[in-house]
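Data first, discussion second: the structure below is written as structure tokens.
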Amino acid sequence: FQTSPWRLISGILGVMCLVLMATLGKLLNDCSSCPKMWIGYQCNCYFISNERKTWKESKDFCASKNSSLLQLQNKDDLDFMNHISELVYWIGLSYNKERSAWLWEDGSALSQTLFSFLQTVDIRNCIVYIPNDGFLDELCREEVRFICKQQLI
């Protein structure tokens, strides 16, 4: 019984296709497993608080949930947040005196091309984000809603 090379090739390709589909299914399941009360979007989970806390309390809350205060790194993040709400939220942006720059919690710099401050900000303050409007500074001891972000992958 002889098989043509095309049958062999199509069989190999069929097996490869099944393996790729199984892998994709696994990845998609991993991306959609957010904790209860969290919103999933592009392999990230977001917790949008109704409770108001200081910036440090908000940061500590997010850390206790294996997440961090929201970082807006690209246009997709920004578009997502602009559709969530029109309220004011603490985000994970603070001024680093050693580097003389506004940095996200992970140490990455604020994108000057993507974001701009609405006014001159006081580096002693913490930053809030207003969807569709931008960033403002606020006294860190003020109690404001906050958003946590957890990356699944």
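Read in the UniProt record's numbering, the sequence shown has 128 at position 128, and its numbers run on one by one without any break. Even for Gly, the Cβ is constructed at its ideal location relative to N, Cα and C.
First through last residue of the beta strand (DSSP E) which encompasses residue i
i	result
Leu36	In the sequence on display, residue 36 carries Lys and not Leu. Neither: Lys36 is in no beta strand (DSSP E) and is coded neither H nor E.
residue 155	The displayed coordinates of the chain run from 1 to 153. Any statement about residue 155 would go beyond what the structure contains.
Nearest candidate by alpha-carbon position, reference residue i, set the options
i	options	result
Ile123	Pro131, Met16 and Ser94	Ser94
residue 158	Tyr129, Gly11 and Arg7	The chain is shown only over 1 to 153; residue 158 falls outside these bounds and no answer can be derived.
Asn44	Pro35, Ala109 and Glu51	Pro35
Trp102	Phe135, Asp79 and Asp77	Phe135
Val144	Leu87, Leu72 and Cys17	Leu87
Thr120	Asp137, Ala109, Met37 and Trp55	Asp137
Trp55	Asp106, Leu70 and Asn66	Leu70
Asp76	Asp60, Tyr41 and Cys62	Tyr41
Residue i - containing alpha helix (DSSP H), residue span
i	result
Cys148	Taken as a continuous stretch (DSSP letters only), Cys148 belongs to no alpha helix (DSSP H), being part of the beta strand (DSSP E) at Arg145 to Gln151.
Cys140	That residue, Cys140, is in no alpha helix (DSSP H); it is neither H nor E in DSSP.
Cys62	Trp55 to Ser64
Alpha-carbon to alpha-carbon, residue j and residue i
i	j	result
Gly92	Gln150	12 Å
Lys53	Leu139	12 Å
Ser111	Gln73	7 Å
Leu13	Ser4	15 Å
Ser108	Arg141	24 Å
Met16	Ser100	51 Å
Cys62	Trp6	55 Å
Residue-level contact to chain C via CB, residue i, 8 Å cutoff
i	result
Ser100	The structure shown contains no chain C, having only a single protein chain.
C-beta contact flag for residue i and residue j at 8 Å
i	j	result
Phe47	Tyr89	no
Ser68	Cys148	yes
Pro131	Ser58	no
Leu152	Ser49	no
Leu114	Leu78	yes
(request) With a floor of 4 residues, list each alpha helix (DSSP H) that falls wholly inside the stretch 75 to 134, ordered by position along the chain. (result) Taking only runs of at least 4 residues, the alpha helix (DSSP H) segments lying wholly in the stretch 75 to 134 are 75 to 84.
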